[in-house]
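These notes are about the structure you will find just below.
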Amino acid sequence: MTSPARITSQLEMVAGEAAHLYDSLCRLDGEQPLLDPHNVAFMERTLAEQAEGYRHIWNRK
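Heads up: the sequence shown begins at 1 in my numbering, then just goes up one per residue.
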């Protein structure tokens, strides 16, 4: 079982990443920013990097 300290640390990281992702969304440009190919590619890369970070923390490859 995972220790409470580790779970708390993971939740803090998730909250930080969510704030970072929200900040990134607020900086997207264009009339339909979520449909712009450049912005979509940026968000896909950002999410992939975050997923890799989580896999590393949770020791899942």
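Every residue, glycine too, gets a C-beta built ideally from N, C-alpha and C.
The residue among M13, M43 and A51 with its C-alpha nearest the C-alpha of S24 is M43. Annotation: the continuous alpha helix (DSSP H) that includes D23 extends over P4 to C26. The beta carbon of Q50 is closer than 7 angstroms to those of E17 in its chain, skipping five residues each way along the sequence. Listed in chain order, the non-local C-beta contacts of Q10 below 7 angstroms within the same chain comprise I57, local neighbours out to five positions each way being set aside. In this chain, the alpha helix (DSSP H) harbouring N39 covers P37 to I57.
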